Amino acid sequence: MGSTDSSMLRNIRKVLVANRGEIAVRCIKACRELGVQSVAIITNADATSLHATLADEAVLLPGDDSTAYTNGEAILDICKRTGADAIIPGYGFLSENVEFADMVAAAGITFVGPSSASIKAMGLKHEARAIAEAADVPVIPGTTLLASSKEATEAAKRLGFPVMLKATGGGGGMGLQICHTEEEVDKAFSMVESRASTLFKNSGVFLEKYYPRSRHVEVQVAGNGDIVVAFGERECSLQRRHQKVIEECPSPFVEQHPGLREKMLQAAINYASQLNYKSVGTVEFLVDDETAKFFFLEMNTRLQVEHGITELCYGVDLVHLMLRQADYEHGGEPGIPSSILKGLGRPQPLGSAIEARVYAEVPLHDFAPSPGVCQHVHWPKGEGVRVDTWVRSGQRITPLYDPLIGKVMVHSPEGRKGSQELMLAALADTALQGTQSNLEYLSRVIESDMFVSGNTLTNSLATFKFKTCSVQVIDPGVFTTIQDYPGRITVGHGVPPGGPMDDLSARAANILVGNESGVELLETTLSGPELLFHEAAIVAVCGAELPLTLDGKPETMWSRIIVKQGQRLKLGKVSGPGLRTYLAVKGGFPEIPEFLGSKATAPELAFGGLQGRKLQVNDILALPKQSGAWAAEASTFSLPPDAIPAFTSKSVYCLDGPYGSDDILTPEGRKTLYETDWIVSHNSGRSGIRLEGPRLKWARTSGGGGGSHPSNVFDYGYPNGGVNFTGESPIIFAHDRPDLGGFACPTTLCSGEMWKVGQLKPGDTIRFRQTTYDKSLEITQGKNAYLQALLTLAQGGGDANQMPSLEVEFGDETTSSILHQALPSGSHPRVTYRQGGDTSIIVEYGDQIADLRNTACVQLLAKQLLAANLPSVRSDTNFATLTVRFDPFQTDRAKLLQQLINLDGSIGETTGIKLTTRQVRLPICLDHSSLDESAQRYMANIRPTAAYLPDNVDYIRKSNALESRSSVFDSLLNTPWLTVAVGFYVGTPILFPLDPRYMFTGQKYNPSRAYTPSGSVGLGGSLLAIYPVAAPGGYQLMGRTLGAWDTAGNRPGFSAARPWLFNHLDLVKFYEVSEEEYDEIERDFEFGRYVFDVTETTLDMDEYIAKFDAANHDPEYQAWRSRQSAAAKEMGELEQTLFEEWTAAKASANNNGCDEDEDDPDKMVKIESPVDASVWKVLVEPGDVLEKGQTVAVLEAMKMEINLVAGEEEAGSVVVKIKQRPGTVVSPGMTVVTARRQD
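Take the sequence shown: its position 909, counted from the start at 1, is 909 in UniProt numbering, and no numbers get skipped.
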């Protein structure tokens, strides 16, 4: 056993692991090592835990996640259903539950642990104490169970203060109270008694003498029901709130007192022998630091958390021992033969081992648990290092269970000093980025004089002063995120570029503190955070003007500021033009993990930055270790006011295109586009700036193959800064935009103007002005010149009066969307080269008609472009377009255009093309109930009537002149679908049917849904999409398959560098499953146990092109297409009518809500909106009395929540009327709630 026995188990074949977390992983690995199968039990909250994927089987527990692991009956039922013949409970949960152990035995299943009699005896501390006395084991002076507080007070006086009141059924410090006076005993008695009754269903209380200078030392024992052996001691004195934090083997105190180990081990053996103990257990002692006397505390009849360090020092595998003892019992024998048991391990410890428990907690916030995502996890490896954990990158730590992330253990044969050095190195090599942990705290303890000296008492951590190099979020502000420049500009596949919305201010802030321009920093929107610096730092705040104070004293923006240790920096609310402000810190925030090459946060997609979200109260951001030294050497600096950018611009320069040409827009439409002062909508955000204004005049009545609206085109890769018309509503694509779609961008902002867009706020106006490509580059060069001059100034050179101006005036110049066109030749389609701002060219094949020849050309051109290996050039493939992206300062656009023309010219005829690709078989549940729930939610919360409601499938049937629902579903089941693009958001596959009979069309939701279940399969235009994650959306939903995105990249088919599933030109084949089957498959996918059916195949383009050509000459097919066109027109007209009725009803409801009878205006108070926004929640009702600081309503603007809070003036007023209900749009100064003063 352990180091001496490597044989497999003989009798037990399958073990159910009745636990979670690292101990479940430990037990599963032990089962595998001993040749037996394992069954994991899991909850939805633990779906991605390592134990769910490592076990041979994984079964979902029923009921509430928070109590599922203690549902003994359900666990026993799973054990029977899976055929497990043993249950190992680990520690915690049911490990010391007598009733559960008895249930297991009664079912004929072996309980891997001690007898229920032993568990019962040790579960009651007063009985355990009596056993110790019978075995002549020293006990702490104390009492039997006490009947009253009076009896307890008298006993305390006899024992002498201080004393401990303890619950007999307690453990882990629960149900324990230290008392120093008679009054404290009297007060604590009823509290401990009540708590004991609630937590342990046993109100028994007893008293013990308390030793303030004491140590916690425990002895590891094991028995077979006949004899008991001991494997040394562990010191567990370093505790916080009676919970162990750091443990050692052997105890440094015992090592310093010859003979003490032998006495303690014999006492532990004597004690366990009284119970005829079998399996492993731990006898715990309190050791008086002054006299070295030891006293029995309790016996734990289970595996201990810290068992690993005993294994390292004594060469025994305790989990193997437990399973072997159980295996003998299962075979009808008493246990491990005594001769074998006596020979296990070593007589004395080899070297020294230390364990550090890594918790998800916030040391600076009184060690409060810190549930959240571990974005990046790296555990140390190497000689003498062991880590027991259940956590890997991407794991979410749930608030439902113990926050233990893992245990870092080290072992050095050289002794305690060697293990201490090894532990410090191991902790330094551990990375836990994302949710907060005690990792830094552990290092500080291990390197402290207290630990080095071995002077570790049970109360040592209570007075330990933790020093941290970090900044603490006291108030996060309205919407503060981590961003870096330029973000993820080269990833594609639906991963937004991200980065600062105003890169000019962000880069300037970094320059002022001495960073490279790409270092991560904080982006604040509308109102900034308050930060407590636990280490000195150099900071700068740039962007929209707001009040800035350091410990309450005003500071100047656009300056280098030195923050001292312990000071608070507070950013107030933006008071003038602009919306966003940037806070840079010298060295950035090194513990923020990179995701796909950037630390930028994409909050709407929940990745990047700090756990993919905005900052929250008590977030801790680690600072560079050199921060204090840098601050000590730094000097202040302020940019002259004349050199600070203004955020008052009302216009931006643009380049025409890619879809501003005469075939898309009329001259009148272009005039409207460029001569309107567009108003910024409250619905704007990091993905884009939505605008309100007049409708454009389009040069066509529909989008042809792209969709029914004239703004529709075949999907293409969106240009950076494109002004996108989603129907009639424009949006300026910003940093968290989708990277492809099927709506026209008639104009695109110059890259050098995008920083201005980042400062637009609701109610601002903006006008588009045309310019040329060369002038566009001049704008970017001017911005870069400004930043270079700022760098020179910040480094002590240059002339502040000679700072380049950021304002440019060129005059409007008309350009063309189309850079070049090539006529069709034979089977080779027409090629149009469209201008995509100053950083892309869109190569478009064909005439907006579904034709696989276009797709073939796109693929061939992309392949040749990749082989050309041009600097800074990459491309995004789509159905009929190739969006070629480039850096204009590394690649000359004119030369790139000519090269693209030459490459296309070499393609020739589009015949005989065979491509090696993948076939992906996917299960699909048609009409899954969650899709109907999604539609019902939309009808209840957004729009009650539409042509596509309440049944999307029936809408598709009607709109495509089909006879039945099954005809709709045939399109999914009877033909392969070609993946023509992967993008939009998070790897969404865009699919095209390879059978002309299934070229259905459907309009998109208007407005979009707020929620779409992950894996939903929907039709938009003539293309299909699979929603990779739960998200907003607009496609008509038909069924559900599996999601195609895994942020952490842990599941089969994904990786950290490639969190999307699909490739361009994958062939997708769906096969039908029932809802019950689907739910089981999805569960396996969530648990990381599903393996996608992916095989290599050959795509013969000629075969499918021939199918479409034949259909074009088939009268029956053409007749259906005519019926389809008429039906689509009819449904479109119905939708237009229903949409107008809905908008009229909304307007009427808003107007009716404005009427109010204010009989006494002097007594009326108004809660008003400070910005353009929509009302999300109203949290009061008429008749409510307002309190100071109460949140009355919550608005939503720019994807932010804005609380309307009652102030001192409103306090005590009674709510009279809700003037604006949820869903209504409000402007600055508009009253949301009225109340009447009572004085």
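Cβ atoms here follow ideal geometry from the backbone N, Cα and C, with glycine treated the same way.
What you are looking at is a predicted structure, and each value in this text was computed from that prediction instead of being measured.
- So does residue 1112 have its beta carbon nearer than 7 Å to some heavy atom of the ligand FMN? Summarising the ligand content, the structure contains no ligands, and the ligand FMN is consequently not present.
- Query: Do you know offhand how far residue 1131's Cα is from residue 889's?
  - Reply: Pairing residue 1131 with residue 889, the inter-Cα distance amounts to about 49 Å.
- Query: Hey, how far is the Cα of residue 236 from the Cα of residue 757?
  - Reply: Residue 236 and residue 757: Cα-Cα distance of roughly 58 Å.
- Query: With a CB to CB cut of under 6 Å and the five nearest residues on each side skipped, what residues in its chain are close to residue 267?
  - Reply: Its chain contains 137 as the residues whose beta carbon lies nearer than 6 Å to that of residue 267, once the 5 sequence neighbours on both sides are disregarded; these appear in chain order.
- Message: Measuring CB atoms only, is the stretch 1033-1048 touching the stretch 7-14, in the sense that at least three cross pairs come out at less than 8 Å?
- Response: Touching, no, given that fewer than three Cβ pairs across the two stretches are closer than 8 Å.
- Query: What residue range is occupied by the uninterrupted beta strand (DSSP E) comprising residue 1177?
  - Reply: Per DSSP, residue 1177 belongs to the beta strand (DSSP E) from 1173-1178.
- For residue 357, is the classification buried or exposed, using 16 other Cβ atoms within 10 angstroms of its Cβ as the cut-off for buried? Its Cβ being crowded by 16 or more others within 10 Å, residue 357 is buried.
- Query: In this structure, what does DSSP give as the bridge partners for residue 874?
  - Reply: DSSP, once it has assigned bridges, lists 885 as partnering residue 874.
- Residue from 330, 546 and 568 with nearest C-alpha to residue 580: That would be 546, whose Cα lies nearest to the Cα of residue 580.
- Look up residue 469 in the DSSP assignment and say whether it is helix, strand or coil. It is coil, neither helix nor strand.
- Can you tell me whether residue 817 is buried or exposed, with buried defined as 16 or more other CB within 10 angstroms of its CB? The residue is buried, with at least 16 neighbouring Cβ atoms inside 10 Å.
- Distance, Cα to Cα, residue 891 vs residue 870? In this model, residue 891 and residue 870 are separated by some 8 Å (Cα to Cα).
- Query: When the Cα atoms are used, what is the spatial distance from residue 759 to residue 1194?
  - Reply: Approximately 23 Å between the Cα atoms of the pair.
- Tell me which same chain residues have a C-beta within less than 7 Å of the C-beta of residue 1154, skipping the five on either side of it? For residue 1154, the predicted model reports a pLDDT of 45, less than 50, meaning its position is unreliable; a value from the coordinates is still stated below. Cβ neighbours of residue 1154 within its own chain (closer than 7 Å, five residues either side excluded): 1219.
- Query: Between the stretch 401-417 and the stretch 296-309, do at least 3 Cβ pairs fall closer than 8 Å?
  - Reply: They touch, by the three-pair rule.
- Message: For residue 561, list the residues DSSP reports as bridge partners.
- Response: Looking at the DSSP assignment, residue 561 forms a beta bridge with 539.
- Item | Cross-strand partners of residue 716 (DSSP beta bridge) | As DSSP reads the structure, residue 716 sits in a beta bridge with 741.
- Item | Nearest to residue 1233 (by Cα), restricted to the options 1164, 340 and 1173 | Measuring from the Cα of residue 1233, the nearest candidate turns out to be 1164.
- Query: From this set, 31, 162 and 193, which residue's C-alpha is nearest residue 1256's C-alpha?
  - Reply: Because the chain here runs from 1 to 1239, residue 1256 falls outside it and cannot be looked at.
- Query: Is any beta-carbon of chain D found at less than 8 Å from that of residue 825?
  - Reply: Among the chains of the structure shown, chain D does not appear; only one protein chain is present.
- So residue 96 is in the beta strand (DSSP E); what residue range does that whole segment cover? In the DSSP assignment, residue 96 falls outside any beta strand (DSSP E) and carries neither an H nor an E.
- Query: Just reading off the beta strand (DSSP E) that residue 240 is part of, what are its end residues?
  - Reply: Element bounds for residue 240: 228-240.
- Item | Beta-carbon proximity check, residue 39 vs residue 76, cutoff 8 Å | In this structure, the beta-carbon distance from residue 39 to residue 76 does not fall below 8 Å.
- Query: Taking only runs of the alpha helix (DSSP H) that begin and end inside the stretch 398-444, which ones reach a length of at least 4 residues, in chain order?
  - Reply: If we require 4 residues or more, the alpha helix (DSSP H) runs fully inside the stretch 398-444 come out as 416-428.
- Sequence-distant residues of its chain with Cβ nearer than 8 Å to residue 461 (five each side left out): The residues are 238, 239, 240, 245 and 445.
- Below 8 Å CB to CB, which residues in the same chain sit around residue 936 once its five sequence neighbours on both sides are set aside? Take residue 936, set aside five residues on each side of it, and the residues of its chain with a beta-carbon closer than 8 Å to its own are 950, in chain order.
- Secondary structure at residue 344, three-state DSSP: helix, strand or coil? Correct three-state label for residue 344: coil.
- Select from 986, 1086 and 1109 the residue whose C-alpha is nearest the C-alpha of residue 492. Between residue 492 and the set 986, 1086 and 1109, the nearest pair of CA atoms involves 986.
- Query: For residue 1154, which three-state DSSP category applies?
  - Reply: Legend: pLDDT at residue 1154 = 45, less than 50; position of this residue unreliable, no value from coordinates given.
- Message: Once the 5 residues before and after residue 450 are set aside, which same chain residues still bring their CB inside 8 Å of it?
- Response: Only 456, 460 and 464 meet the Cβ criterion.
- Message: With three or more C-beta pairs closer than 8 Å as the rule, is the stretch 687-703 touching the stretch 723-732?
- Response: Below 8 Å, enough C-beta pairs join the stretch 723-732 and the stretch 687-703 to call them touching: three or more.
- Message: Just to confirm before moving on: does the CB-CB distance between residue 1000 and residue 1019 stay below 8 Å?
- Response: In contact: residue 1000 and residue 1019 (Cβ atoms closer than 8 Å).
- Hey, how far is the Cα of residue 397 from the Cα of residue 234? Take the alpha-carbon of residue 397 and the one of residue 234: they are about 29 Å apart.
- Could you name the residues that DSSP lists as bridge partners for residue 1099? Its beta-bridge partners are 915.
- Query: What do you reckon, are the CB atoms on residue 299 and residue 128 nearer than 8 Å?
  - Reply: Yes, they are a contact pair.
- For residue 149, which option in 165, 262, 160 and 141 has the closest C-alpha, if you only look at C-alpha atoms? If you compare the alpha carbons of 165, 262, 160 and 141 with that of residue 149, the shortest gap goes to 165.
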